[in-house]
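For the record, in the sequence shown the residue sitting at position 27 is 27 according to UniProt numbering, with numbers rising by one throughout.
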Amino acid sequence: MSNIVLDEEGRSMEHSFCFNASVSPPMWMTSKSIVFWVEGVSLGLTGVIGIIGNILTGVVLSKISLKNVFNQLILVLCAFDTLFNAFSVLEYSLKKAFGLISYSTPIYVILWPKFIYPLQNITYSASLCITMAIAIERYLAVCHPFFVHQEQSLGGNGTCISFRKRTLRYLLPALMFAVTINIPKFLEFRNFVRSDNETYIEPTEMRLDADYQFYYINWTRMTLTAFLPFVLLAFLNSRIIFEIRKAEKLSSQNLQGDSRVSTNRREAKLARILVLLVFSFLFCNLGKLLLNIYDIGSLAKIRTCTEMGLIFRSPQWVISLISVNHLLVVMNSSANLLLFSVIGTQFRATLLAILHLRPTPPRMVIIQNGSPVFSRQMTPRPRWNSPSFNEHHDVSLIVHTSVF
């Protein structure tokens, strides 16, 4: 360190990206205003609105129907998005931007290493994995409908149990992956008590290990939580869009009352919601992907600074992009209510009724096995003489359980 020449801003004359940790260059002060307005004001408002919106989305879905896989997965997605928004508002708005809490806050300093920090990562990964699960479910429903219909027929009379089992087939692998990939996050930081009897947070040896940072933090997480999800969701989205357009052309040539046409249209409406969800995810997580790529390219510089006893500081545009990325990710987790309201007419009507902005839409009662089954009134009345409703179809098929 004694042979290293620094300029007046604490920057190495040999490597301009390395700084003395005790010196803050003036340009870094400009990021404070960005943090305040982007991560403090904008993210805080978006996160709170998103929490309310996700709760309303869950209430509306429960009012309409939870007897299909898509609705159940969306409900779980809203739950994890709500938790992620809560952690993000706590971390970025209240702590980083406004300074209302800090690592010296008694309860916070104890909860952060083993609870707040790992769970924030788990909730983000869970939202990501459930989004991919929904995309796969819609891809199978739209692109391989015969496979889905065959799977549904295996449920027999236990229709509700069948839906739950099918939901768990998508949900359990997603949650297991989200938890597994974040297990190391529980081991990255720990509490310790100094001689002044105060509790502090320090990184563990594993977190400071260069190989751990290179293979897990950079390559593993970038591949599994950024690059592969982008590729998979882009592929599934393109296939779904192609099948929707093809189905619309074919349906225009069929009879209006054909039950298969009605089913295809219903599946297409659900798929359009998925398309919007994926576009929202890809756009709002693009900054995260760019930052991960930048981190990979900066590994050599980081090691150079570490060997010199200095710290690596990214350019101002990277610091600003970090704040914008945090806001975009929270926006993505807050968009469920808006996306459903844009496409779903029944969802929108039910939401307005819950908010007392429109009368509750009447429902049609169908007697099935001696018990009343409620269905929305806008459902087209089936033609009982149609060959689509023969002995090979259960009467319960006329009760549409989709949201729209």
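Even for Gly, the Cβ is constructed at its ideal location relative to N, Cα and C.
If you follow the alpha helix (DSSP H) that residue i is part of, which residue opens it and which one closes it?
{"i": "residue 340", "result": "336-343"}
{"i": "residue 118", "result": "117-143"}
{"i": "residue 287", "result": "286-297"}
{"i": "residue 108", "result": "106-111"}
{"i": "residue 474", "result": "Residue 474 is absent from the model: the chain starts at 1 and stops at 404."}
{"i": "residue 182", "result": "From DSSP, residue 182 is part of no alpha helix (DSSP H); its letter is neither H nor E."}
{"i": "residue 325", "result": "316-333"}
Have a look at the DSSP bridge pairing and note the partners of residue i.
{"i": "residue 201", "result": "191"}
{"i": "residue 78", "result": "Residue 78 is not bridged to any residue."}
{"i": "residue 17", "result": "Note: residue 17 sits in no beta bridge, so no partner."}
{"i": "residue 311", "result": "19"}
Taking its Cβ as the centre, do 16 or more other Cβ atoms sit within 10 Å of residue i, making it buried, or is it exposed?
{"i": "residue 81", "result": "buried"}
{"i": "residue 113", "result": "buried"}
{"i": "residue 133", "result": "buried"}
{"i": "residue 146", "result": "exposed"}
{"i": "residue 205", "result": "exposed"}
{"i": "residue 199", "result": "exposed"}
{"i": "residue 192", "result": "exposed"}
{"i": "residue 176", "result": "exposed"}
{"i": "residue 309", "result": "exposed"}
{"i": "residue 115", "result": "exposed"}
{"i": "residue 355", "result": "exposed"}
{"i": "residue 244", "result": "buried"}
{"i": "residue 46", "result": "buried"}
{"i": "residue 107", "result": "exposed"}
{"i": "residue 215", "result": "exposed"}
{"i": "residue 40", "result": "buried"}
{"i": "residue 169", "result": "exposed"}
{"i": "residue 281", "result": "buried"}
{"i": "residue 163", "result": "buried"}
{"i": "residue 210", "result": "exposed"}
{"i": "residue 70", "result": "buried"}
{"i": "residue 54", "result": "buried"}
{"i": "residue 334", "result": "buried"}
{"i": "residue 197", "result": "exposed"}
Can you find the residues in the same chain that come closer than 7 Å, C-beta to C-beta, to residue i, ignoring five residues on each side of it along the sequence?
{"i": "residue 48", "result": "89"}
{"i": "residue 325", "result": "287, 288, 291"}
{"i": "residue 232", "result": "132"}
{"i": "residue 275", "result": "237, 240, 241"}
{"i": "residue 341", "result": "347, 348, 351"}
{"i": "residue 35", "result": "96, 97, 323"}
{"i": "residue 60", "result": "347, 350, 351, 354"}
{"i": "residue 284", "result": "328, 329, 331, 332"}
{"i": "residue 222", "result": "292, 296"}
{"i": "residue 44", "result": "89, 93"}
Please return the same chain residues whose Cβ sits closer than 8 Å to the Cβ of residue i, not counting the five positions on each side in sequence.
{"i": "residue 220", "result": "181"}
{"i": "residue 174", "result": "126, 129, 130, 132, 133"}
{"i": "residue 120", "result": "84, 87, 88, 91"}
{"i": "residue 294", "result": "314, 318"}
{"i": "residue 103", "result": "109, 112, 200, 201"}
{"i": "residue 122", "result": "178, 179, 182, 185"}
{"i": "residue 117", "result": "185, 188, 189"}
{"i": "residue 272", "result": "244, 343"}
{"i": "residue 194", "result": "200"}
{"i": "residue 303", "result": "210"}
{"i": "residue 137", "result": "69, 70, 73, 170"}
{"i": "residue 226", "result": "285, 288, 289, 292"}
{"i": "residue 422", "result": "In this structure the chain extends from 1 to 404, so residue 422 is not present and cannot be described."}
Once you ignore the five residues that flank residue i on each side, which residues in its own chain have a CB closer than 6 Å to its CB?
{"i": "residue 156", "result": "Low confidence applies here, because residue 156 scores a pLDDT of 49, under 50, leaving its location unreliable and the question unanswered by this model."}
{"i": "residue 58", "result": "75, 78"}
{"i": "residue 63", "result": "350"}
{"i": "residue 72", "result": "66, 167"}
{"i": "residue 189", "result": "113, 201, 203"}
{"i": "residue 31", "result": "319"}
Is residue i close to chain D, meaning its C-beta is less than 9 Å from at least one C-beta of that chain?
{"i": "residue 310", "result": "No chain D is part of this structure, which consists of one protein chain only."}
Let me know the beta strand (DSSP E) ranges lying completely inside the stretch 209-250, each 3 residues or longer, listed in chain order. If you keep only unbroken beta strand (DSSP E) runs of at least 3 residues inside the stretch 209-250, you get nothing at all.
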